[in-house]
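S.K.:
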Amino acid sequence: MSSKKQFQKNALASAIVAAAVLSGHTAPVLAAGVMEEVMVTATARKQSVQDIPYNISAMQGAELAAQNINSEADLLRSMSGVSVVDRGYRNSGTVNSIIIRGLNVDSGANGDISLNAVPTVSTYVDNTPLYANFVLKDIERVEVLRGPQGTLYGSGALGGTVRYISNKPNPEAFEAQVNGDFSQTDGSDGNNINVDFMLNVPLSEKAAIRASVGKIDNDGVVDYINAYQLNEFGEPLVAVGDNCVSPRTATDAQVLNNGACYKNEKDADDVDIDYAKVALSFEPSDNLRFLLSYQTQEDEIGARRAVTSGNNGQPVGSALRFDYGEYDSGQVLLEPSSREVDLLSLDIEVDFGFATLTSNTSSYDHEGKADSDNGGLWVSGGRDWITNFGYGGWPRPAQRAERGYEDETTIQEFRLVSNDSDSAFDWLAGVFYLDQDLTVFQNSWNPGMNEFAQSCVTSGSDVCPSFWPSTFYPGATLTERDLEYRRDVSFEELAVYGELTYHITDRLHITGGLRWFDNESVNDTIMGFPLVEGWVSSEVPQAKQKEDDVLKKFNIAYDLNDNTMIYGTYSEGFRHGGANAIPSLDNGDNFGEPNSDAINFYEKDSVENYELGIKGQTDSLNYTVSVFYVDWQDPQLNATSSWYGFYMAVNGESAATQGIEIELEGYLTETLHYRLGYTYVNAELTDDFINPQTDAVIAEDGATLPGTPESVLSVSLDNTWGLTEGLDLVARVNAYYQSESENFIDDKSALGATHDGFMLWNASATVVADNWTLSLYGKNLGNEEGVTGSFPEAYFGADTGVFENWYGNSNRQMISQPRTIGVSASYKF
2 MSSKKQFQKN ALASAIVAAA VLSGHTAPVL AAGVMEEVMV TATARKQSVQ DIPYNISAMQ
62 GAELAAQNIN SEADLLRSMS GVSVVDRGYR NSGTVNSIII RGLNVDSGAN GDISLNAVPT
122 VSTYVDNTPL YANFVLKDIE RVEVLRGPQG TLYGSGALGG TVRYISNKPN PEAFEAQVNG
182 DFSQTDGSDG NNINVDFMLN VPLSEKAAIR ASVGKIDNDG VVDYINAYQL NEFGEPLVAV
242 GDNCVSPRTA TDAQVLNNGA CYKNEKDADD VDIDYAKVAL SFEPSDNLRF LLSYQTQEDE
302 IGARRAVTSG NNGQPVGSAL RFDYGEYDSG QVLLEPSSRE VDLLSLDIEV DFGFATLTSN
362 TSSYDHEGKA DSDNGGLWVS GGRDWITNFG YGGWPRPAQR AERGYEDETT IQEFRLVSND
422 SDSAFDWLAG VFYLDQDLTV FQNSWNPGMN EFAQSCVTSG SDVCPSFWPS TFYPGATLTE
482 RDLEYRRDVS FEELAVYGEL TYHITDRLHI TGGLRWFDNE SVNDTIMGFP LVEGWVSSEV
542 PQAKQKEDDV LKKFNIAYDL NDNTMIYGTY SEGFRHGGAN AIPSLDNGDN FGEPNSDAIN
602 FYEKDSVENY ELGIKGQTDS LNYTVSVFYV DWQDPQLNAT SSWYGFYMAV NGESAATQGI
662 EIELEGYLTE TLHYRLGYTY VNAELTDDFI NPQTDAVIAE DGATLPGTPE SVLSVSLDNT
722 WGLTEGLDLV ARVNAYYQSE SENFIDDKSA LGATHDGFML WNASATVVAD NWTLSLYGKN
782 LGNEEGVTGS FPEAYFGADT GVFENWYGNS NRQMISQPRT IGVSASYKF
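Just so you know, the numbering used here puts the end of the sequence shown at 830, numbered straight through with nothing missing.
#1: Go through its chain and collect everything with a Cβ distance to Arg488's Cβ below 6 Å, but skip five positions before and after it.
#2: Name the residue from Pro710, Leu345, His510, Asp563 whose alpha carbon lies nearest to the alpha carbon of Ile100.
#3: My guess is that Ser346 and Ser282 are in contact by the Cβ rule of under 8 Å, so how many angstroms apart are they, rounded?
#4: Give a yes or no on whether the C-beta atoms belonging to Met566 and Asp52 are separated by under 9 Å.
#5: Between Val96 and Gly82, which are expected to be in contact by the criterion C-beta below 8 Å, what is the C-beta distance as a whole number of angstroms?
#6: Out of Val713, Asn524, Ala496, point me to the one whose CA is closest to Leu540's CA.
#7: For Gly646 and Glu485, what's the separation of their Cα atoms in angstroms?
#8: Do the stretch 121-137 and the stretch 154-171 make contact, defined as three or more Cβ pairs closer than 8 Å?
#9: Name the one or two DSSP bridge partners that Gly161 has.
#10: Alpha helix (DSSP H) containing Gln315: first to last residue?
#11: Should Leu686 and Ala697 be called a contact, given that it needs their Cβ atoms to be closer than 9 Å?
#12: Ordered along the chain, which non-local residues of its own chain (more than five positions away) have a Cβ less than 8 Å from that of Thr755?
#13: Please report the Cβ distance between Asn652 and Asp606, rounded to the nearest whole angstrom; I am assuming they are in contact, meaning their Cβ atoms lie under 8 Å.
#14: Need the endpoints of the alpha helix (DSSP H) that Ala1 sits in, please.
#15: Leaving out the 5 sequence neighbours to the left and right, which residues in its chain are closer than 8 Å to Asn312 when beta-carbon positions are compared?
#16: In the DSSP assignment, find the beta strand (DSSP E) that holds Phe198 and state where it starts and stops.
#17: Using only alpha-carbon positions, find the residue among Thr658, Leu665, Leu730 that is nearest to Pro707.
#18: Check Leu378 in the structure and name its three-state DSSP category.
#19: Among Asp275, Tyr263, Tyr125, which one has its Cα closest to the Cα of Asn195?
#20: According to DSSP, Ile699 sits in a beta bridge with which residue or residues?
#21: Where does Glu73 fall in DSSP's three states?
#22: Which residue wins for smallest C-alpha separation from Ser642, given the options Glu64, Glu609, Asn601?
#23: Could you pull the start and end residues of the alpha helix (DSSP H) that Asp253 belongs to?
#24: For Ala795, which three-state DSSP category applies?
#25: In angstroms, rounded to a whole number, what distance separates the CA positions of Asp372 and Pro237?
#26: Can you check whether the CB of Leu761 is closer than 9 Å to the CB of Ser827?
#27: Can you tell me which of Leu495, Gly369, Asp421, Glu336 puts its alpha carbon nearest to the alpha carbon of Thr411?
#28: Using DSSP with H/G/I as helix, E/B as strand and the rest coil, what is Thr526?
#29: Considering only C-alpha positions, which residue in the set Glu612, Glu368, Glu594 is nearest to Ser572?
#30: As an exercise, report each continuous beta strand (DSSP E) stretch of at least 3 residues that is fully enclosed by the stretch 604-659, in chain order.
#31: In angstroms with no decimal places, state the Cα-to-Cα distance between Ile349 and Ser286.
#32: Please name the residue or residues paired with Lys278 in a DSSP beta bridge.
#33: State the DSSP-derived secondary structure class of Thr410, mapped to helix, strand or coil.
#34: State the start and end residues of the unbroken beta strand (DSSP E) segment that holds Ile387.
#35: Measuring only the C-alpha atoms, how far is Asp224 from Arg306?
#36: Which partner residues of Thr565 appear in the DSSP bridge assignment?
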C-alpha cells in the first residue's frame, strides 16, 4: 500500500473543513467570550486546573460527547502531548499503549499478550488503578497528569497518569438520556450502530442510583482475502477438484497431496461490545458518604484492524499470487479476540472537619483471549520452521496462536486530606495495598496436522518420510498443540505516600512529597511442546523478586499575579520489577535457556523528572507552557529469550527525554472557541541497550525511542450560533498531526520500521435544543492510514519458499479508523 503524504486531504475533507471554518467567521465579532473555570480533583481536593503547579490537562464529559469521542485513541489525540499506539478494539484491554513524555522502549508490534513489564503510564477508573479501556460513556471528566505521580496516588507511574472519572448519582433530580449513532466507514460494506441509555433516579434527599447501558455494533473494514476455509474443528478444508471437503472425510491421498480451499472474508474486523455501569450513592449525614459502583464490559472482535502491504511472495502469474489492496490482510487464519472485565468498588468518605478520610475498596476480574495467525513467524525472517522442524510436505500448514490472560486484583487505599483552606499548610497522606493474581498463557496449535500424520502412517506415502511425528511416534495421536506456555504471577504492593504544601506567603508555595513502597512478585511458569499425547511440560522453579525504596518530590510555585503562576518540579518515579522464571539449560531443564540466571529477574526502572512551567488565565484565554527533562535509568524492555522465546522483561542502562509542551484555549470572538496543543519531544537511549543473556547490543546509544513522534500538534475550533430561542447550531473542526515515529528502538532489526507522519481531520455540525441534539460528523476526513505500530515485512512477512505451501503474508500495519461519516442524536427526558 502506498504511503500518503503528510497533511493530505481529499476533496470531501477540504470541503467540510472549509465550510466549518469559513462559517465560523460569518458570525459578528463581539466581545471576547469568557473562559469557564475547569475544576479537577487531581490533587485529591477540588481545584482549578490553573491553580495546580504542574502540567495537567482535562476534558469534560460534555466535550467528549460533543466530539463523538468514545474510544481511547480519539480521546488521547485530543489531549496535548499524549501518544498512543492505535490497534483498534482488538485486544484493546490487553496492553496499555499510552505514552507520555516519550517514555517507551517497547515495540509497536506488542499487543497480543499481556506483558511482563507494566506500563509507564498508570490509568485510573475513578479511584481504581486499572487499564481496561472502557467505552467512554457517561463520563464526567478525563484528567491527564504528566510526570510521576507516586506521592499523590497509590499506583506508581513513570510518565504520568490518566484518570477516567464517571458521573455520580444525583439525588436532586431525575435524569434520563438516550443516545444513538449511525455511521459508515470507508472500506466497509456495512454500517456502525452505537446506542446507549442513562437513567438517574433519586431515592431520597440523600440517596440516588445512576445506571447506563450501551452497545457498539460496528462492521469491519479489513478483508482477509485468502483465508482458509475451515471445518468445525478449525482444520483447513481440502481442495478436491471444484469441491472442498474436510480432511476427516477425505482419502489419505487427498489429505497428503491436495491443497487448501480459500475464501475472502470481507469486513472481518467487526466489533461487538456490550457495556453497563451502575452506581448507588448514600449520604446518611453531612459528613459521611458512600458510593457503591459496578462496571462491566464484554468485547467480541472479529479480526485485527491491520492491513498487509505488497504481495504474498508467490510467482507472478501464479493462481496463488495475491497483490494486496488498500484494506486487505494477508493472513490465512482469522484473528478474533474476546474479553470481559468486571469492576466493583466501594468508596467511603468521612469528613472530620480538619481533614477528610477516603477509603477506596475495589476488586476486578479482567480476562481475555485472542487468536493470531502465526504462519508468518514459521516461514519468514529466514526461519523456515515448517521445513526445519520436519513438517515438510504438509500441504495446508496452519499455525494458530491462542493467547490470553486472567487478572484478579483486590485494592485497598486510604487517603487523608486536609480541609482548612486558610491554613499555611495543606497536606495529604495515603496508604495503598494491592494484591494481584495474573495468569498469562499461550497455546500454539497446528489444526489439521494430526490428520496429515495419520495419513502418512496408513498410506506409506513418500510425500512425508521426514515428517518427524510419524517417524518417531508412528500411529500416535497428535494434540496439534506444539507450544504450551503459562505464567502465573502473584504481585503484592504496600505503599505509604504523602505531600505537604507550605504557603510561605500568599504568592509563594513549596511542596514536598515522599513515597515508600515494598512489593513482592512471585512467578511460576510452565512451558513445553506437547505435540504428542502424554507429553508433560516443564515446570520452571518458582522465582521471587522483592523490592523497596523511597521516592521524593519537590515543587515550588510563585504567583506573579492573581492570574499567572510560574513553577518548578523535581519528581521521582518508579516501575516495579519482577521475576521472569526462565528454565536453565545448566540445570538440565527440558528446553532450558543458556545463561538463564542473567534473565531470571528484571529490576525496577526509575526516572528523575525535571519540569519548569508557566500557566495563566485571562477572560478569554487559558495557557500552559512547560519544558521538561526526564532521566530514565534501567528502562524495562518486554522481549523474548534467545532460544525458545520465553516472554520476559530485561533492563537497559539509560535513556533520556526532553521537550516542550504548549497548551492554549480561548475565544477569538464571543462564540468562536479554540484549543491548541503542541508538544516537541526528543527521546533517545543514552547508553547501549545490551541483551543480558547474550551480551549482544539490542540498540545503540542515541537510538530514538519507539512510538514517540518528535512533534505532535492538535487544534480544534468550534463556533455557536443562536438559531431561534432555545435552538443553537454548533460547528466544530479539529485536526491532529504527528511526525514520523519508530516501531522499535533498533531500526536495523527485523522489528525496525519508520512510520510516516500523518494528519487526521474531523468535523461536525450539531443542532442543540434544550432536550435534544442532532449531529452530522466526519472522522479522518483525509482517510489517512495513520500507522502507529506494525509487524514489518522482515519480521512477519511473506513465504519465499513455495515448497512450504504457505501462501499468505503476515506483515501488518495497524491503521487508524478510516474515514467515517455519521449522524448521532441524543434526547434528554
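The beta-carbon is built from N, C-alpha and C at its ideal position, and this holds for glycine as well.
These numbers come from a predicted model, not from an experiment.
M.R.: Taking the geometry as given:
#1: Excluding positions up to five away in sequence, the list reads Val441, Thr526.
#2: Nearest Cα to Ile100 within the set Pro710, Leu345, His510, Asp563: Pro710.
#3: Contact flag wrong, Cβ pair sits at about 12 Å.
#4: Yes, the pair counts as a contact, with Cβ atoms nearer than the cut-off.
#5: About 21 Å separates the two Cβ atoms, so there is no contact after all.
#6: Note on residue identity: the sequence assigns Glu, not Leu, to residue 540. Proximity to Glu540 across Val713, Asn524, Ala496 peaks at Asn524, based on C-alpha coordinates.
#7: Taking the straight line from one Cα to the other gives about 12 Å.
#8: Counting Cβ pairs under 8 Å, three or more are found: they touch.
#9: Under DSSP, the beta-bridge partners assigned to Gly161 are Val122, Arg147.
#10: Looking at the DSSP string, Gln315 is not in any alpha helix (DSSP H), and its letter there is neither H nor E.
#11: Result no, Cβ atoms of Leu686 and Ala697 do not sit closer than 9 Å.
#12: Cβ contact annotation for Thr755 (same chain, cutoff 8 Å, sequence separation greater than five): Glu741, Ser742, Glu743, Asn744, Asp748, in chain order.
#13: The pair is a contact, with the Cβ atoms about 7 Å apart (cut-off 8 Å).
#14: What is shown of the chain runs 2 to 830, which leaves residue 1 out entirely.
#15: So the qualifying residues of the chain are Arg322, Phe323, Asp324, Tyr325, Ala799, Asn810.
#16: Counting along the chain, the beta strand (DSSP E) containing Phe198 begins and ends at 193-203.
#17: Taking only the C-alpha atoms, the option nearest Pro707 is Thr658.
#18: Three-state DSSP puts Leu378 in a helix.
#19: Closest by alpha carbon: Asp275.
#20: Answer by DSSP bridge pairing: none, since Ile699 is not bridged.
#21: Residue state, collapsed to three classes: helix.
#22: The alpha carbon of Ser642 has as its nearest neighbour, out of Glu64, Glu609, Asn601, the alpha carbon of Asn601.
#23: Unbroken alpha helix (DSSP H) run through Asp253: 253-258.
#24: It is helical.
#25: Answer to the nearest angstrom: the Cα atoms are 16 Å apart.
#26: No, the pair does not count as a contact, with Cβ atoms beyond the cut-off.
#27: That would be Leu495, whose Cα lies nearest to the Cα of Thr411.
#28: In the three-state reduction of the DSSP assignment, Thr526 falls in the strand class, which pools E and B.
#29: Of Glu612, Glu368, Glu594, the smallest CA-CA separation from Ser572 is found for Glu612.
#30: Segments of the beta strand (DSSP E) lying fully in the stretch 604-659: 606-618, 622-634, 637-641, 648-652.
#31: Rounded to the nearest angstrom, the two C-alpha atoms are 12 Å apart.
#32: Per DSSP, Ser213, Gln296.
#33: Per DSSP, reduced to three states, the secondary structure at Thr410 is strand.
#34: First-last for Ile387: 386-389, but that is the alpha helix (DSSP H), not the beta strand (DSSP E).
#35: If I take the Cα positions, the gap works out to 10 Å.
#36: Paired residues: Asn562, Gly617.
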